[in-house]
Amino acid sequence: MTVEIRRPVVRLTAVGMSAAIVVARTVFIIFDAITTLAANVISIVITWKTLEFAEMTKIFATSLALADLCVGVLVSFSVVPSAVGRWLYGDVMCRIIGVMGTSFAMISVLSLLCVSADRYTAVTRPLRYYGLVTRRRAAVALAVAWLSTIGANTYLAVKSNFIIYDEVLCICLPEWGNQEILPYLVTVCAIWIAVPSVVTVSIYVQLFRISRRHARQIAAQAAPAIQGPRSADMRAIRTMFVVTGAFNLAYMPFLFCNIYLNISNDDLPGALKFTSMWLALSNSWWNFFIYLATSKNFRKTAFKLLCLKCPCVLTARNPNGAALGHANAIVHT
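Each residue of the sequence shown is one higher than the one before, counting from 471 in the numbering used here.
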């Protein structure tokens with residue numbers, strides 16, 4: 471079957487945009503791409519070096535970081551078009567980026583769902599946890615998440631001509647304002663984004679309720695022996711809850727803008743659409759800093775690796791080298 475390929479549709483143009491705005495936009499996109507790539511590579515390394523993290527948490531967090539890392543690769547293709555004002559990579563590449571960008575956002579949601587389900591099982595079924603959650607089941611869950619998401623979006627690109635390049639956003643994406651494709655987009659987003667997001671938040675709400683209930687029992691009975699969620703589990707739960715909340719907050723403006731475009735005949739200012747789109751894309755590097763801010767074990771491992779790879783950091787703090795020797799001893803134990 472021959473698939474007709476047409477030139478990417480340009481929904482909006484950047485006519486009249488000042489050179490200063492183009493430069494600022496391009497610099498931001500460069501920053502976003504570099505930060506996303508670096509943050510997620512470092513995050514994966516630190517996650518697997520942190521002994522205190524549960525193995526399943528590492529696997530699901532790595533899936534999330536890989537999806538974000540891939541977003542960084544896709545974002546890098548927007549640098550030149552932002553600078554020159556047009557798409558230079560051809561129709562096929564535009565479709566690939568449009569499909570994959572949407573897919574990686576959905577994979578992030580499903581990875582967060584897997585993390586929350588894993589922590590819920592660990593807290594509510596501690597004795598059966600290792601029998602219920604295995605490497606093989608985790609691999610199957612992630613394979614289904616990745617393949618089903620990419621497959622659904624690839625169908626969109628192959629069966630239609632609705633992947634467009636937007637000169638204001640400087641990226642290829644599905645044409646949300648097109649009524650012909652709207653039912654398919656709504657269905658895909660409901661199955662792969664809305665439902666998993668609601669379930670994920672519901673799981674965390676339940677976990678926090680369990681934590682508070684056990685805390686009240688311990689306080690009322692003055693019985694520290696009562697077994698509730700372990701503090702390590704609750705710290706991991708809080709960290710991933712913040713990650714989930716940040717993801718939803720980052721994508722909400724973009725979703726609201728697209729809902730507005732589909733129910734109204736009026737357009738939105740280019741600056742608003744660019745901000746909402748790139749706020750969502752920038753979420754791909756937020757997680758690294760969230761981990762640093764909320765996870766003591768992640769920070770500790772990051773500091774050890776920094777000292778190991780860059781001894782000048784501790785040498786600068788202690789010219790006699792005593793701190794460096796102490797840090798190296800810690801790293802190698």
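For every residue, glycine included, the Cβ atom is placed at its ideal position computed from N, Cα and C.
Which listed residue (Cys540, Ala489 and Leu521) has its alpha carbon closest to that of leucine 423: Here the chain covers residues 471 to 803 and nothing more, so residue 423 does not appear.
If I follow the unbroken beta strand (DSSP E) through cysteine 642, where does it start and stop? Start at 1 with the first residue of the sequence shown, and residue 642 comes out as number 172. Taken as a continuous stretch (DSSP letters only), the beta strand (DSSP E) holding cysteine 642 covers 641-644.
Using 10 angstroms around the beta-carbon of tyrosine 721, count the other beta-carbons present and answer buried if the total reaches 16, otherwise exposed. Numbered from its first residue, the sequence shown carries residue 721 at position 251. Buried, because 16 or more other Cβ atoms sit within 10 Å of the Cβ of tyrosine 721.
Across which residues does DSSP place aspartate 561 in a beta bridge pair? Counting from 1 along the sequence shown, the entry for residue 561 is found at position 91. Its beta-bridge partners do not exist; DSSP assigns none.
Phenylalanine 758 beta carbon less than 7 Å from that of serine 513: For the purposes of this step, residue 513 is taken as residue 43 along the sequence shown, with counting starting at 1. For the purposes of this step, residue 758 is taken as residue 288 along the sequence shown, with counting starting at 1. Yes, the Cβ-Cβ distance between serine 513 and phenylalanine 758 is below 7 Å.
Buried or exposed (CB count within 10 angstroms, at least 16 for buried), phenylalanine 501: Indexing the sequence shown from 1 puts residue 501 at position 31. Burial call: exposed.
What is the DSSP secondary structure of isoleucine 651, reduced to helix, strand or coil? Counting from 1 along the sequence shown, the entry for residue 651 is found at position 181. Of the three classes helix, strand and coil, the one that applies to isoleucine 651 here is coil, per DSSP.
If you reduce the DSSP assignment to three classes, tell me which class aspartate 736 lands in. Here residue 736 corresponds to residue number 266 of the sequence shown, with the count starting at 1. The answer is coil: DSSP assigns aspartate 736 none of H, G, I, E or B.
Whole runs of the alpha helix (DSSP H) within the stretch 582-631, excluding any shorter than 4 residues: 599-602 and 605-629
Buried or exposed: which applies to isoleucine 729, given that a residue is buried once 16 or more other Cβ atoms fall within 10 Å of its Cβ? Counted from its first residue, the sequence shown places residue 729 at position 259. Classification of isoleucine 729: exposed, given that the 10 Å Cβ count is below 16.
Could you tell me which residues DSSP puts in a beta bridge with aspartate 636? In the sequence shown, residue 636 corresponds to position 166, counting from 1. For aspartate 636, which the question treats as bridged, DSSP gives the partners Ile641.
Assumed close pair tryptophan 557, tyrosine 635 - CB separation to whole angstroms, cut-off 8 Å: In the sequence shown, the residue the question calls residue 557 occupies position 87. In the sequence shown, the residue the question calls residue 635 occupies position 165. Correct: roughly 4 Å between the Cβ atoms.
Give the DSSP-derived three-state secondary structure of isoleucine 696 in the structure shown. Counting from 1 along the sequence shown, the entry for residue 696 is found at position 226. No answer about isoleucine 696 holds up, because its pLDDT of 49 lies below 50 and its placement is not dependable.
Thinking just about the alpha-carbon of each residue, which of Leu677, Asn631 and Ala508 is nearest to the one in glutamate 650? If you number the sequence shown from 1, residue 650 lands on position 180. Nearest of Leu677, Asn631 and Ala508 to glutamate 650, Cα basis: Asn631.
Endpoints, the alpha helix (DSSP H) within which leucine 521 is located: Translated into positions along the sequence shown, residue 521 becomes position 51. Per DSSP, leucine 521 belongs to no alpha helix (DSSP H) and is neither H nor E.
Using the Cα positions of serine 746 and valine 658, report the straight-line distance between them to the nearest angstrom. Numbered from its first residue, the sequence shown carries residue 746 at position 276. Numbered from its first residue, the sequence shown carries residue 658 at position 188. Taking the straight line joining both Cα atoms gives about 20 Å.
Which two residues bound the contiguous alpha helix (DSSP H) that contains serine 552? Your numbering for residue 552 matches position 82 in the sequence shown. From DSSP, the alpha helix (DSSP H) with serine 552 extends over 549-554.
Using 8 Å as the threshold, is the stretch 661-671 in touch with the stretch 574-592, meaning 3 or more CB pairs across them? yes
Any idea what DSSP makes of serine 546, helix, strand or coil? Here residue 546 refers to the residue found at position 76 when the sequence shown is read from its first residue. DSSP places serine 546 in helix when its eight states are reduced to three.
Nearest-angstrom Cα distance between valine 545 and isoleucine 567? By 1-based counting over the sequence shown, the position of residue 545 is 75. By 1-based counting over the sequence shown, the position of residue 567 is 97. Between the alpha carbons of valine 545 and isoleucine 567 lies a distance of about 9 Å.
Return the Cβ separation of tyrosine 674 and threonine 714 in integer angstroms, given the expectation that the two are a contact with Cβ distance under 8 Å. Within the sequence shown, residue 674 is the residue found at index 204, counting from 1. Within the sequence shown, residue 714 is the residue found at index 244, counting from 1. Going by Cβ atoms, the distance from tyrosine 674 to threonine 714 rounds to 7 Å, so yes, they are a contact pair.
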